[in-house]
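Residue numbers (my numbering): 16 to 349.
And the structure:
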């Protein structure tokens, strides 16, 4: 009996303490609640941007698995919708080699066909397949003009890092025109918005809710974000996906020379190529293409790649002490 009374007394004491504390906390209101600042306005904008892209950012899964990283399947990534009939884009490294591609849109599972892959820019175009029982109009992104972005602009990344769907991170544009990151010399936007494995292929978005790039990779000393993320400018993405849709590949201008890795001296000329037909020989030093300076092979690829077969370019090069110019019609890159 004494133990029962003691137990009841303890329970009553705990209950009394709870009823004493909870109403007190409920009545306490932060004095800052009524003070709406510009930061609150920005916060509201972030929420709107996130909601705006709930149906446009997709989660991509493939049958590719990296056995060395069980928690990070190689075939897990992100993408974004380009058209109401289900075209979408992602990074080529997300889907290359896959036998099956699954796309999750707003929680609904679809399969997708790979329309085209361009490994040089790490881009891929996909098309969602609808069954006879499925009828769906998809929600495309709002495209921005990536040539107008400036360092310091706000930037937001949405994707599926480590398979965690629709994760949202916030930062700024840290730098633009990063051409030195990979072999082909592709252009990149640098951002400190956190990007992790699985974000590949997702959109980088500006403060107006417009997509300005496709998140591609991170530079880090660990497996997480090191604060340096890189995205492909949207203008470049759209040029490539248009080519993939029309031709299944990207047609690129071809000159037909090899040059030094860290210089512009010609180390070889392919027989019967445009360069050979124009009289360029081994040992010449390429200076400019269409008045744009060439300092290394990345510059040469960057300038020539967007130009279609048949377009004429003016090549300025040095041979011994002479500066020469030739107008050359490009052919299609093999």
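Built from N, CA and C at the ideal position, the CB exists for glycine as well.
Stretch pair the segment 170 to 182 + the segment 43 to 54: three plus CB contacts closer than 8 Å = no
Below 6 Å CB to CB, which residues in the same chain sit around residue 336 once its five sequence neighbours on both sides are set aside?
-> none
What's the call for residue 248, buried or exposed, on a 16-neighbour Cβ count within 10 Å?
-> buried
Whole beta strand (DSSP E) runs in the segment 97 to 147 with 3 or more residues, listed along the chain?
-> List check, beta strand (DSSP E) in window: 102 to 105, 116 to 120, 123 to 133, 138 to 144.
Could you give the residue range of the alpha helix (DSSP H) that holds residue 227?
-> Looking at the DSSP string, residue 227 is not in any alpha helix (DSSP H); the run it does join, the beta strand (DSSP E), is 226 to 234.
Going by C-alpha distance, which of 193, 210, 179 is nearest residue 186?
-> 210
Contact under 8 Å by Cβ, residue 291 with residue 285 = yes
How far does the alpha helix (DSSP H) with residue 289 in it reach, from first residue to last?
-> 289 to 292 is the span of the alpha helix (DSSP H), which, as asked, contains residue 289.
Residue 299 and residue 281 look like a contact to me (Cβ under 8 Å); what is the Cβ gap, rounded to whole Å?
-> Beta-carbon to beta-carbon, residue 299 and residue 281 are separated by about 5 Å, close enough to satisfy the 8 Å threshold.
Could you spell out the range, first to last residue, of the beta strand (DSSP E) harbouring residue 333?
-> Unbroken beta strand (DSSP E) run through residue 333: 327 to 334.
Since I believe residue 106 is in contact with residue 216 (beta carbons under 8 Å), could you give me their beta-carbon distance rounded to a whole number of angstroms?
-> 5 Å
With contact counted as at least three CB pairs below 8 Å, one residue from each stretch, are the segment 160 to 170 and the segment 123 to 139 in contact?
-> no
Measuring alpha carbon to alpha carbon, tell me which of 230, 283, 259, 257 ends up nearest residue 183.
-> Measuring from the Cα of residue 183, the nearest candidate turns out to be 230.
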